[in-house]
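Asks: Sending over a structure as structure tokens; questions will come in a sec.
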Amino acid sequence: MTLHTEWLRRALLATALTMAGPALAADDGKVANFLLDNGMEVVVIPDHRAPIVTHMVWYKIGSADEPAGKSGIAHFFEHLMFKATTNHAAGEFDRAISDIGGSNNAFTSYDYTAFHETVTPSALELMMSFEADRMRNLILTDEVIKTERDVILEERRSRIDSNPEAVLDEEVDATLWQNQPYRIPVIGWMQEMEQLNRTDAVAFYDKYYRPNNAVLIVAGDVDPDIVKTLAERTYGKVARGPDLPPRIRPVEPEQNTRRTVTLTDARVSVPSFSTQWVVPSYHTAKPGEAEALDLLGEILGGGTRSRLYQQLVVKQGIASGTGAFFQGTMLDATNFTVYGAPRGDAKLSDVEAAVDAEIARIVKDGVTADELEKAKARYIRALIFARDKQDEMANLYGAELATGGNVRDVEEWPDRIRKVTADEIKAVAARYLLLDRSTTGYLLPQQQAGN
Amino acid sequence: MKDRRRRQAGTPLIRPSFARPPSPTRGEGGAWRGEGKALRASATLFLSILFLVLPALAARAMDIQQVTSSKGINAWLVEDHSIPIIAIRFVFDGGSTQDPAGREGLVNLMTGLFDEGAGDLDSEAFQTRLDDAGAEMGFDAARDGTYGSMRMLADQKDAAFDLLRLAVTSPRFDQAPIDRIRSQILSGIIASERDPNTVAQTKWLRAIYGDHPYSRPDQGTKDSIATITAADLAAFHKANFARNGLHVAVVGDIDAATLKQKLDDVFGGLPEKQLLQPVADTELKLGQQLEVDYDLPQTSLQFAYPGVKRDAPDFFAAVLMNQILGGGTFTSRLYDEVREKRGLAYSVDSNLVDHQHSNALIITTATRSDRAAETLGIVKDVVKKMAGEGPTEAELDATKKYMVGAYAISNLDSSSAIASTLVELQLDNLGIDYMQRRAALINGVTLDQVKAAAKKLLTPEPAIMSIGPKLEAK
Numbered sequence: 003m004t005l006h007t008e009w010l011r012r013a014l015l016a017t018a019l020t021m022a023g024p025a026l027a028a029d030d031g032k033v034a035n036f037l038l039d040n041g042m043e044v045v046v047i048p049d050h051r052a053p054i055v056t057h058m059v060w061y062k063i064g065s066a067d068e069p070a071g072k073s074g075i076a077h078f079f080e081h082l083m084f085k086a087t088t089n090h091a092a093g094e095f096d097r098a099i100s101d102i103g104g105s106n107n108a109f110t111s112y113d114y115t116a117f118h119e120t121v122t123p124s125a126l127e128l129m130m131s132f133e134a135d136r137m138r139n140l141i142l143t144d145e146v147i148k149t150e151r152d153v154i155l156e157e158r159r160s161r162i163d164s165n166p167e168a169v170l171d172e173e174v175d176a177t178l179w180q181n182q183p184y185r186i187p188v189i190g191w192m193q194e195m196e197q198l199n200r201t202d203a204v205a206f207y208d209k210y211y212r213p214n215n216a217v218l219i220v221a222g223d224v225d226p227d228i229v230k231t232l233a234e235r236t237y238g239k240v241a242r243g244p245d246l247p248p249r250i251r252p253v254e255p256e257q258n259t260r261r262t263v264t265l266t267d268a269r270v271s272v273p274s275f276s277t278q279w280v281v282p283s284y285h286t287a288k289p290g291e292a293e294a295l296d297l298l299g300e301i302l303g304g305g306t307r308s309r310l311y312q313q314l315v316v317k318q319g320i321a322s323g324t325g326a327f328f329q330g331t332m333l334d335a336t337n338f339t340v341y342g343a344p345r346g347d348a349k350l351s352d353v354e355a356a357v358d359a360e361i362a363r364i365v366k367d368g369v370t371a372d373e374l375e376k377a378k379a380r381y382i383r384a385l386i387f388a389r390d391k392q393d394e395m396a397n398l399y400g401a402e403l404a405t406g407g408n409v410r411d412v413e414e415w416p417d418r419i420r421k422v423t424a425d426e427i428k429a430v431a432a433r434y435l436l437l438d439r440s441t442t443g444y445l446l447p448q449q450q451a452g453n
Numbered sequence: 279m280k281d282r283r284r285r286q287a288g289t290p291l292i293r294p295s296f297a298r299p300p301s302p303t304r305g306e307g308g309a310w311r312g313e314g315k316a317l318r319a320s321a322t323l324f325l326s327i328l329f330l331v332l333p334a335l336a337a338r339a340m341d342i343q344q345v346t347s348s349k350g351i352n353a354w355l356v357e358d359h360s361i362p363i364i365a366i367r368f369v370f371d372g373g374s375t376q377d378p379a380g381r382e383g384l385v386n387l388m389t390g391l392f393d394e395g396a397g398d399l400d401s402e403a404f405q406t407r408l409d410d411a412g413a414e415m416g417f418d419a420a421r422d423g424t425y426g427s428m429r430m431l432a433d434q435k436d437a438a439f440d441l442l443r444l445a446v447t448s449p450r451f452d453q454a455p456i457d458r459i460r461s462q463i464l465s466g467i468i469a470s471e472r473d474p475n476t477v478a479q480t481k482w483l484r485a486i487y488g489d490h491p492y493s494r495p496d497q498g499t500k501d502s503i504a505t506i507t508a509a510d511l512a513a514f515h516k517a518n519f520a521r522n523g524l525h526v527a528v529v530g531d532i533d534a535a536t537l538k539q540k541l542d543d544v545f546g547g548l549p550e551k552q553l554l555q556p557v558a559d560t561e562l563k564l565g566q567q568l569e570v571d572y573d574l575p576q577t578s579l580q581f582a583y584p585g586v587k588r589d590a591p592d593f594f595a596a597v598l599m600n601q602i603l604g605g606g607t608f609t610s611r612l613y614d615e616v617r618e619k620r621g622l623a624y625s626v627d628s629n630l631v632d633h634q635h636s637n638a639l640i641i642t643t644a645t646r647s648d649r650a651a652e653t654l655g656i657v658k659d660v661v662k663k664m665a666g667e668g669p670t671e672a673e674l675d676a677t678k679k680y681m682v683g684a685y686a687i688s689n690l691d692s693s694s695a696i697a698s699t700l701v702e703l704q705l706d707n708l709g710i711d712y713m714q715r716r717a718a719l720i721n722g723v724t725l726d727q728v729k730a731a732a733k734k735l736l737t738p739e740p741a742i743m744s745i746g747p748k749l750e751a752k
């Protein structure tokens, strides 16, 4: 499973306000939010149009929280959560879901790890009891560890090592981030993954897999009061763990350089580049800045109507593809990215220069009122289109709550987007998109090596 | 949106999120019918599995209306007024098998041009109006059909349908957009020409399909796309975009009377009859081994066995068998033997590939290169055991339950997904009541029928391809 683009995520986020409607039941589609006695937070997103429910548990633990030298343990642990517990044999949970036609999976990112099932509402309590069980009762043997470690090593070879773009991205991240833990890949560095062991896994489990470090999200055809009763009967039985310290991680020092990372590879035949900047996330930004960065990304490079696409692909005809995006939903400072690849006789340097020129134009002249209105309209449209996708709704609440936000942040987001002015967009472009403090990755064909 | 514009080499991915492999939630209707099946965007869960858990309500929940316009254009409609959006999906028979020899990639290029000018509107004017109308339009070419789709806001449906009418009936094929989209496609072809997987897949198609049109790359080649002219595009459009090869499904906030009018508006101006080139059925060339040598950290393995026709009496027996063999996300035999017990791979699965003129069962996995020969042997052993003994009664019972229950979650989880599913049901001639009949069709399959299907599909020597360092002899 991969996360959706930030733009869509943000767009979905805004749907919270529009979910209520005549088609919905007595709870009026209102999102419920409460705490169990053991500290587990619960969000219920009623959606009664279909007898389906998406059940997710988000742990506020991601790869950026890993101990030094243990990269990959968060993701490895996600895999281990599918093994036997003291109450259920390995595979029993998967089979229980499969038997009712449900689906399940899990994912790990920098700031969180989440487990999810989509089933009929009558199976909700069963899902909760399995999920509550594996929160504390896993049996981790050396044999289980060894086999599953081989699986994640294959996953790394498959997703990263076999793919020159992924190899480059990994090292660009390690260059963009000099101090903040986002410099370390979620899947981990190979030599550290190879050494992950039972002791590491047990310590990680005992520290982080606790109800007071988890958020339960239930979206679908459910009544919040019933969800509360069921949650108390299942998750409520799990003992609260020791209080975890605040998630204060090392942050970036001031950047004073322009950094470049280059990979030449025999498998590449068209060169490409991406440039990234460290920018605030929704969690770290001053009011309005992250919203302005979202709209800047849309206007500069959000799609085929964006400035980059229209200028480089359509008018100048020098790029095969180009765009920009902002990853706002992160616990710590995040990145803003532009990218492009040449077409025809154009050189990579032509494309890069043209991208830079478009950024300079926004820094100098800002964006037009028409562009801003259309960008906002595209967000609003996406909200309407997205109104009923319950697993997306669950994802956006989960990600927000796991990165320092709360339910109100989700609900107020559309209004904050509407308030963004053209001047604010110009201001964030001028403040953050400075070429002499950027990090650029180049992916080049082999014959260009040494250029 | 045109995916090719967004997924160029070097497009950075968003922050990675690592998970177990996603569930292979493909419907058995039209599974792997090319990109046509992949549209799974927004959402509407309103009909869901109601008709499965509460059969008495089935008729109301899955109330598909057959709508016929005054000009004789048919569509399947599911009305849902709870959300103010409308999704339409349609397909014209034909697809990339209709690309003329030497003009391979023609229909793929054409699908990039429908929002690049139509009627009186040039590219810029058309796209501005589409954006203002708040509609999203997309076309994509598959092997056996050319698909189109649109999502629109109900209160702007007049403007949206009118743009769709222009695109479908009066595309301009202006030279500047042709040249631009062509050069984007060309960039994509060049960008992947040294990618081991692309190189290998080209060889694979040639090996298993021989000279059949299925062996040709959908995007065409550098040489073939260079030759395509505006006149070629116009001729192809005229021959393929005609009413007797059209299948339409609509889901959302629109009633039958309004839809009838819109069907006539959008499609009424098209010619009556398609002029298609006949395409022969073909058997896969099995019993061969391809080794594509590259110095890679992993070896990819791919196996082709015979498949099953959608209208064959043993179709569901084969689907159930495939599900048990390698279709289940975390529960299949291949998953258990290759990944769970031995940690040899991150993903391993089997799929039934269902084209109109050819069918296959394809197994894929990727494994560390020094153990590729071992993995190859294990896959063969699992297949051999299934061919010889079939599944157990317990496996079959559990899989029937899964398949009956999973249909809605897998195929009907958004308005676009529902529209897509309804188009595939029409292509497969399954009837408007198929969803009501489906559970009984699955539950009626006997263990002996599944064993027979296993023996039939899995006994022949497969075609096998490995991509990676030279395989060590086992």
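Protein chains in written order, with our numbering: chain A, 3 to 453; chain B, 279 to 752.
Every residue, glycine too, gets a C-beta built ideally from N, C-alpha and C.
Predicted model, so just to flag it, every value in this text is computed and none were measured.
Using a Cβ cut-off of 7 Å, pull out every chain B residue sitting near residue 159 of chain A, in sequence order please.
Replies: Simply 575, 576 and 646.
Asks: According to the Cβ coordinates, are residue 350 of chain A and residue 265 of chain A closer than 8 Å?
Replies: The answer is no: Cβ separation not under 8 Å.
Asks: Can you tell me where the alpha helix (DSSP H) with residue 101 of chain A in it begins and where it stops?
Replies: 94-101 is the span of the alpha helix (DSSP H), which, as asked, contains residue 101 of chain A.
Asks: To which residues of the same chain is residue 363 of chain A closer than 7 Å at the C-beta, ignoring the five residues directly before and after it?
Replies: The answer is none, since no qualifying residue turns up.
Asks: Report yes if the C-beta distance between residue 706 of chain B and residue 588 of chain B is below 8 Å; otherwise report no.
Replies: Their beta carbons are under 8 Å apart, which means residue 706 of chain B touches residue 588 of chain B by this criterion.
Asks: Expressed to the nearest angstrom, what Euclidean distance is found between the alpha-carbon atoms of residue 646 of chain B and residue 749 of chain B?
Replies: Going by the C-alpha atoms only, they are around 11 Å apart.
Asks: Residue 149 of chain A touches chain B at which residues, Cβ-Cβ below 8 Å?
Replies: Neighbours of residue 149 of chain A on chain B, chain order: 618, 619, 620 and 621.
Asks: If you count every other CB in all the chains shown that lies within 10 Å of the CB of residue 208 of chain A, and 16 or more means buried, which is it?
Replies: Residue 208 of chain A comes out exposed.
Asks: Under 8 Å between C-beta atoms, does residue 423 of chain A make it to chain B?
Replies: By this cut-off, residue 423 of chain A is not an interface position.
Asks: Kindly identify the DSSP beta-bridge partner or partners of residue 757 of chain B.
Replies: In the structure as shown, chain B starts at 279 and stops at 752, and residue 757 of chain B therefore has no counterpart that could be examined.
Asks: The alpha helix (DSSP H) with residue 443 of chain A in it runs from where to where?
Replies: Counting along the chain, residue 443 of chain A falls outside any alpha helix (DSSP H), though it belongs to the beta strand (DSSP E) covering 441-447.
Asks: DSSP state of residue 482 of chain B, grouped into three classes?
Replies: In this structure, residue 482 of chain B counts as helix in the three-state DSSP scheme.
Asks: Between the C-alpha atoms of residue 394 of chain B and residue 537 of chain B, what's the straight-line distance to the nearest angstrom?
Replies: In a straight line, the C-alpha of residue 394 of chain B is about 26 Å away from that of residue 537 of chain B.
Asks: Along chain A, in chain order, which residues have C-beta atoms closer than 7 Å to that of residue 650 of chain B?
Replies: Going along chain A, no residue has its Cβ under 7 Å from residue 650 of chain B, so there is no contact; the nearest lies around 11 Å.
Asks: Following the continuous beta strand (DSSP E) through residue 458 of chain B, name the residue where it begins and the one where it ends.
Replies: Residue 458 of chain B -> not in any beta strand (DSSP E); alpha helix (DSSP H) instead, spanning 453-469.
Asks: Using a C-beta cutoff of 8 Å, does residue 387 of chain A count as contacting chain B?
Replies: By this cut-off, residue 387 of chain A is an interface position.
Asks: Identify whether residue 251 of chain A lies in helix, strand or coil by the three-state DSSP scheme.
Replies: Correct three-state label for residue 251 of chain A: coil.
Asks: Alpha carbons only, please: which of A:436, A:233 and A:165 is nearest the one belonging to residue 43 of chain A?
Replies: Minimum Cα distance to residue 43 of chain A is reached at A:233.
Asks: Closest by CA to residue 430 of chain B, which one among B:676, B:688 and B:531?
Replies: Comparing Cα positions, the closest option is B:531.
Asks: Could you pull out every residue in the same chain whose Cβ sits closer than 7 Å to the Cβ of residue 52 of chain A, ignoring the five residues on either side in sequence?
Replies: Excluding positions up to five away in sequence, the list reads 223.
Asks: Name, please, each residue of chain A whose Cβ falls closer than 9 Å to the Cβ of residue 747 of chain B.
Replies: Residues of chain A passing the Cβ test: none, with the nearest at roughly 12 Å.
Asks: Have a look at B:566, B:669, B:451 and B:436 and flag the residue whose alpha-carbon is nearest the alpha-carbon of residue 398 of chain B.
Replies: Comparing Cα-Cα distances from residue 398 of chain B to each of B:566, B:669, B:451 and B:436, the minimum goes to B:451.
Asks: Check the Cβ-Cβ distances between residue 349 of chain A and every residue of chain B, and say whether any is below 8 Å.
Replies: Output row for residue 349 of chain A: interface = no.
Asks: Near residue 490 of chain B, what residues of its chain come up, given a Cβ to Cβ distance below 6 Å and the 5 sequence neighbours on each side ignored?
Replies: Once the five neighbours on either side are set aside, the close Cβ partners of residue 490 of chain B are 560.
Asks: Three-state secondary structure (DSSP) at residue 572 of chain B?
Replies: In this structure, residue 572 of chain B counts as coil in the three-state DSSP scheme.
Asks: Since residue 440 of chain A meets chain B, which of its residues come closer than 7 Å, beta carbon to beta carbon?
Replies: Those within 7 Å of residue 440 of chain A in chain B number zero; the least Cβ separation is about 14 Å.
Asks: How many Å lie between residue 412 of chain B and residue 425 of chain B at the Cα?
Replies: Approximately 21 Å between the Cα atoms of the pair.
Asks: Taking the straight line between their C-alpha atoms, what separation do you get for residue 509 of chain B and residue 746 of chain B?
Replies: C-alpha separation (whole angstroms): 43 Å.
Asks: How is residue 60 of chain A classed by DSSP in three states: helix, strand or coil?
Replies: Residue state, collapsed to three classes: strand.
Asks: Tell me, please, whether the CB atom of residue 153 of chain A is closer than 8 Å to any CB atom in chain B?
Replies: For residue 153 of chain A, the answer is yes, since a Cβ of chain B falls inside 8 Å of its Cβ.
Asks: So for residue 1 of chain A, helix, strand or coil by DSSP?
Replies: The structure shown does not extend to residue 1 of chain A, since chain A is modelled only from 3 to 453, so the question has no answer here.
Asks: Check the Cβ of residue 679 of chain B against every Cβ in chain A and list those closer than 9 Å, keeping chain order.
Replies: In chain order: 100, 101, 102 and 103.
Asks: Buried or exposed: residue 370 of chain A, going by 16 or more other Cβ atoms within 10 Å of its Cβ?
Replies: The residue is exposed, with fewer than 16 neighbouring Cβ atoms inside 10 Å.
Asks: Would you mind working out which of A:215, A:272 and A:229 sits nearest residue 1 of chain A, comparing C-alpha positions?
Replies: With chain A covering 3 to 453 only, the question about residue 1 of chain A has no answer from this structure.
Asks: Hey, does residue 352 of chain A have any beta-carbon neighbour from chain B nearer than 8 Å?
Replies: Closer than 8 Å: no.
Asks: Does DSSP put residue 311 of chain B in a helix, in a strand, or in coil?
Replies: Only weak support is given to the placement of residue 311 of chain B: the predicted model assigns it a pLDDT of 28, under 50, and the value that follows is read from those uncertain coordinates. Note: residue 311 of chain B maps to coil in three-state DSSP.
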